[in-house]
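Chains as they are written, first to last, in the numbering used here: chain A, 295 to 656; chain B, 295 to 656.
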DNA sequence: AAATTTAACTAAAACGTTTTCGTAATATTT
DNA sequence: AAATATTACGAAAACGTTTTAGTTAAATTT
């Protein structure tokens, strides 16, 4: 039975419709179309791509049939054939975290526009989870990685899982939490400058006793920020005073440490490496009757929800997360699509921006 | 050349190592191992699975070789073979959103524990994006969907994309933002009860003029919350007063609307369907010299960061997002793994919890 | 010693594509 | 009319697995 006339085609379609009816209509494949239309699989494949090789009658027939049955090629089969998944893997330490989701939004936006999907894994700040997730995804599920190192990994200083992945030729872009030891593309903000500018502003505003609230140094960004803090002081002839540093051993808030610190040290300005530490401190000093920003000013890293809605609003150093995500995705997808063999890596450094609010004078 | 002795094996390994050296070591496949060891692909496959069919010499040889070369099966090939991807698709309206990320964390946690990866797409509250993302993922990339409807979809009231997916036999679990018209599993919180309890508390505290700040009714959760608000009033003999409802046309904050509302209406309690509206209102009434909670009390839906860090803290109705995510993932993965043909759907309703803070008296 | 069982393997199909290389049949050139 | 070019298609390999159904050769049973 060879079908060339439209009539025969219509008959066949209707016939198949009835024959094939079933409560759940499984996805149709090239093979089904080929069998039903009495042509070969290759012909169907080419016809759907509007190949010049195929006669226009056949093309019409195939395309109409495919449309009627809502044929969509199977992504997995295409991935296997092309050795390209059009998925990118994102590994971040935490998902309930304003900055990371902001970056993620940028990644997703760019990736989606380029036809890529994003697979997210959360390392939960754990080295082991980071390794497991990476290995899982590296076995064909993704074309490249975008990630921020977990604190566990930064503490352990072990980057073999990243090396393995890059050695397999899988592109990797690190953002925000990076490490010098890793050879790959990176997108970071100039954390040092952010801190430097904040402290400089405090000094300009006449502040003398400027405190720094930070976490342990193994977090790369905290280290950078502390460096900026010191440099700004030194550039302005203010002596660095270890006493004015409050270092939290973990991300957990310890109210006692805050109380202890503010009771014992007289400070007139506070730079905090994150919002939470800043907000807690602000609430504490307010409860003690101090006025913000008159008696004590605050600036916090990461311009998140809390900074915006605190009262007074917290002057913040914006990290431009969304832009960071877009850039990371752009670099990655570029590498994926033009798999360049020469190993040249870029580090894009974004400039932070000071968003002034009520917690500082202006 | 047939290799049975260990010596010969070791020789071969070293030989291959040198022969195969290249700057980027591409992933090794069963075929490579088979060729290198002079056995068939099926033998390698079985040997790696410790099949009884294969002699122990061969098994040892194959396993050692695989380990040495760090063989890991290709996920894509396995997916194609099994028609199972071990990926689940999550589509949410927004990622920079505390509640959604909380749910996502629950999903990710459960899914990961079960060996699944999560592909996230953001609908950006848009119907079109929701449809595009779904269709993209439905072509083989995922085993099932977990999603919250975009507001665009709820407004349009068009669920054909969801129907198509379920008709193809792809399991779907809806959470939080659901629709009665869709036949699928659902996980929601009892929004009506949350509002009811909040208003009841206000009444018990002696409040008379209780306002509701809400969004347009096409958002399912807002509708439910408004219903709870009305029911609590009615059950306590308080007349429903349209004047005490402030309805925002979008999620964008309009300070004028807030000012207008609080200038013109005398209210002593406010229930808000989200944090942002509540926080803004609190700041406004505070700026007008009103005392919270003495003069005016506040309760807000969703126990997020803002509620916790506002001053005073905002009494909130907790949605238990993480638990919601875990349950959604559990239901979905159960459906995926035991593809049950009978179409029975469950709706799990979680009970909200009132978290009391400084914005209400106690 | 012949028949049967067992052990240890292999060939080949399948999953759903894409793509290269043929190959008929027809059309065009000499 | 014979040689060549063109059109329209199909067969088969490939991607990397898993799995079914053989197939040898050796071991065991009769």
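The beta-carbon is built from N, C-alpha and C at its ideal position, and this holds for glycine as well.
Identified DSSP bridge partners for residue 479 of chain A: Counted from its first residue, the first chain places residue 479 of chain A at position 185. The partner list for residue 479 of chain A (beta bridge, DSSP) reads A:467.
Residue 423 of chain B to residue 543 of chain A span [Cα, whole Å]: Position 129 of the second chain, counting from 1, holds the residue named residue 423 of chain B. Position 249 of the first chain, counting from 1, holds the residue named residue 543 of chain A. Between residue 423 of chain B and residue 543 of chain A, the C-alpha separation is close to 43 Å.
Are the C-beta of residue 461 of chain B and some C-beta of chain A separated by less than 8 Å? Start at 1 with the first residue of the second chain, and residue 461 of chain B comes out as number 167. By this cut-off, residue 461 of chain B is an interface position.
Output yes if chain B places a C-beta closer than 8 Å to the C-beta of residue 316 of chain A; else output no. Numbered from its first residue, the first chain carries residue 316 of chain A at position 22. Confidence is the limiting factor: at residue 316 of chain A the pLDDT is only 46, short of 50, which leaves the residue's position unreliable and the question unanswerable from this model.
With a cut-off of 8 Å, does the C-beta of residue 321 of chain B fall near any C-beta of chain A? As a first step, residue 321 of chain B must be located in the second chain, where it is residue number 27. So yes, residue 321 of chain B belongs to the interface.
Taking the DSSP output, what are the residues bridged to residue 522 of chain A? Residue 522 of chain A sits at position 228 when you count from the first residue of the first chain. None, per the DSSP bridge assignment.
Could you give the first and the last residue of the continuous alpha helix (DSSP H) run that contains residue 399 of chain B? The residue given as residue 399 of chain B occupies position 105 in the second chain. 392-407 is the extent of the alpha helix (DSSP H) around residue 399 of chain B.
Taking the straight line between their C-alpha atoms, what separation do you get for residue 536 of chain A and residue 510 of chain A? Indexing the first chain from 1 puts residue 536 of chain A at position 242. Indexing the first chain from 1 puts residue 510 of chain A at position 216. Their Cα atoms are separated by approximately 14 Å.
Could you please give me the residues that DSSP links to residue 411 of chain A through a beta bridge? The residue labelled residue 411 of chain A in the question sits at position 117 within the first chain. A:381.
Out of B:360, B:350, B:346, B:344, point me to the one whose CA is closest to residue 331 of chain B's CA. By one-based count along the second chain, residue 331 of chain B stands at place 37. Residue 331 of chain B has its Cα closest to that of B:360, out of B:360, B:350, B:346, B:344.
Check distances from the C-beta atoms of the segment 471-496 of chain A to those of chain B and list, in chain order, the residues that come in under 9 Å. none
Identified DSSP bridge partners for residue 649 of chain A: Residue 649 of chain A sits at position 355 when you count from the first residue of the first chain. Answer by DSSP bridge pairing, in chain order: A:610.
Report all residues from its chain with a CB closer than 6 Å to the CB of residue 316 of chain A; omit the five preceding and five following residues, and keep chain order. Locating residue 316 of chain A in the first chain gives position 22, counting from the first residue. At residue 316 of chain A, the pLDDT of 46 sits below 50, so the modelled position is not reliable; the number obtained from the coordinates is stated separately. Once the five neighbours on either side are set aside, residue 316 of chain A has no close Cβ partner at all.
Relative to chain A, which residues along the segment 406-417 of chain B have a C-beta separation below 9 Å, given in chain order? 406, 409, 411, 412, 413, 414, 415, 416
Between which two residues does the alpha helix (DSSP H) containing residue 472 of chain A stretch? In the first chain, the residue the question calls residue 472 of chain A occupies position 178. Taken as a continuous stretch (DSSP letters only), residue 472 of chain A belongs to no alpha helix (DSSP H), as it is neither H nor E.
Of the choices B:319, B:365, B:321, whose alpha-carbon is the least far from that of residue 339 of chain B? Position 45 of the second chain, counted from the first residue, corresponds to residue 339 of chain B. For residue 339 of chain B, the nearest C-alpha among the options comes from B:365.
With burial defined as no fewer than 16 other Cβ atoms inside 10 Å of the residue's Cβ, what is the status of residue 620 of chain A: buried or exposed? Counting from one through the first chain, the residue named residue 620 of chain A turns up at place 326. So residue 620 of chain A counts as buried.
Taking Cβ positions only, does residue 392 of chain A come closer than 8 Å to chain B? The sequence position of residue 392 of chain A within the first chain is 98, counting from 1. So yes, residue 392 of chain A belongs to the interface.
Residue 594 of chain B: buried (16+ other C-beta within 10 angstroms of its C-beta) or exposed? In the second chain, the residue the question calls residue 594 of chain B occupies position 300. Residue 594 of chain B should be labelled buried.
Look up residue 508 of chain B in the DSSP assignment and give the residues it is bridged to. As a position in the second chain, residue 508 of chain B is number 214, starting the count at 1. DSSP, once it has assigned bridges, lists B:541 as partnering residue 508 of chain B.
Residue 641 of chain A by DSSP, collapsed to three states: which one? On the first chain, position 347 is the one that residue 641 of chain A refers to. Note: residue 641 of chain A maps to strand in three-state DSSP.
For the 8 Å Cβ check, are there 3 or more pairs between the segment 439-455 of chain B and the segment 512-528 of chain B? yes
For the beta strand (DSSP E) that residue 564 of chain B lies in, which residues bound it at each end? For this step, residue 564 of chain B is matched to residue 270 along the second chain. Segment 563-566, the beta strand (DSSP E) holding residue 564 of chain B.
Could you please tell me which residues of the segment 603-614 of chain B, in chain order, have their CB closer than 8 Å to any CB of chain A? 603, 604, 605
By DSSP, does residue 316 of chain B sit in helix, in strand, or in coil? Looking up residue 316 of chain B in the second chain gives position 22. Interpretation of residue 316 of chain B is limited by its pLDDT of 46, a score under 50 that renders its predicted location unreliable; the figure taken from the coordinates is listed afterwards. DSSP places residue 316 of chain B in coil when its eight states are reduced to three.
Compile a chain-ordered list of the residues in the segment 352-375 of chain A whose CB is closer than 9 Å to at least one CB of chain B. 364, 366, 367, 368, 369, 370, 371, 372, 373, 374
Listing by chain order, which chain B residues have their CB less than 9 Å from the CB of residue 402 of chain A? Taking the first chain and counting its residues from 1, one reaches residue 402 of chain A at position 108. Neighbours of residue 402 of chain A on chain B, chain order: 389, 414, 415, 416.
Spatial distance of residue 299 of chain B from residue 328 of chain A (CA atoms): Working through the second chain from its first residue, we reach residue 299 of chain B at position 5. Working through the first chain from its first residue, we reach residue 328 of chain A at position 34. Annotation note: pLDDT 41 at residue 299 of chain B (below 50); position unreliable, no value reported.
Using a Cβ cut-off of 7 Å, which residues of the segment 558-578 of chain A contact any Cβ in chain B, in chain order? 573, 577
Could you tell me the alpha carbon to alpha carbon distance between residue 491 of chain B and residue 614 of chain B, rounded to whole angstroms? If you number the second chain from 1, residue 491 of chain B lands on position 197. If you number the second chain from 1, residue 614 of chain B lands on position 320. Taking the straight line joining both Cα atoms gives about 16 Å.
Distance cutoff 8 Å, beta carbons only. Does residue 501 of chain A sit that close to anything in chain B? Looking up residue 501 of chain A in the first chain gives position 207. So, not an interface residue.
Report the rounded CA-to-CA distance for residue 409 of chain A versus residue 455 of chain B, giving the unit in angstroms. As a first step, residue 409 of chain A must be located in the first chain, where it is residue number 115. As a first step, residue 455 of chain B must be located in the second chain, where it is residue number 161. One C-alpha to the other measures close to 19 Å.
Taking Cβ-Cβ distances shorter than 7 Å, what residues in chain A pair up with residue 647 of chain B? By 1-based counting over the second chain, the position of residue 647 of chain B is 353. Within chain A, no residue comes near residue 647 of chain B; the closest Cβ sits about 18 Å away, beyond 7 Å.
Check residue 425 of chain A in the structure and name its three-state DSSP category. Position 131 of the first chain, counted from the start, is the residue given in the question as residue 425 of chain A. Helix.
Tell me the residue span of the beta strand (DSSP E) that contains residue 281 of chain B. Not covered by the structure: residue 281 of chain B. The range shown for chain B is 295 to 656.
Based on the DSSP output, what are the partners of residue 591 of chain A in its beta bridges? Counting from one through the first chain, the residue named residue 591 of chain A turns up at place 297. BP columns for residue 591 of chain A point to A:563.
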